[in-house]
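Visitor:
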Amino acid sequence: MPNSTQDSAMMVCYRESLSNLEKFHGGEEQKNLNFINHIERIGKMISAPDEILLCMCTAKLDGEAKR
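Here the sequence shown stands for residues 8 to 74, where the numbers follow our numbering.
(1) Under 7 angstroms Cβ to Cβ from ILE59, same chain only, skipping five residues before and after it: list those, please.
(2) How would you label ILE43, buried or exposed, when you count the other beta carbons within 10 angstroms and need 16 or more for buried?
(3) Please report whether the beta-carbon of ASN41 lies at a distance below 8 angstroms from any beta-carbon of chain C.
(4) Could you check what DSSP says for ALA55 in three-state terms: helix, strand or coil?
(5) How many angstroms separate the CA atom of MET18 from the CA atom of HIS45?
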């Protein structure tokens, strides 16, 4: 089971990965698939359940929509 140091490192990795994702503008189907694939890859890195992946997608899309 991961300890708090590992958990902290994974959260830093998650935040950096999410913030560095290419901006999502919608439109093209391939861009949509790439966006989802990147979110899934981040989720695998931190062993995130599906609910967390949904939150990650929503947070990124909501953040981009507000810009």
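Just so you know, even glycine gets a beta-carbon here, dropped at the ideal spot from N, CA and C.
Guide: Once the coordinates are examined:
(1) GLY50
(2) exposed
(3) Here chain C cannot be found, since the structure has a single protein chain.
(4) coil
(5) 16 angstroms
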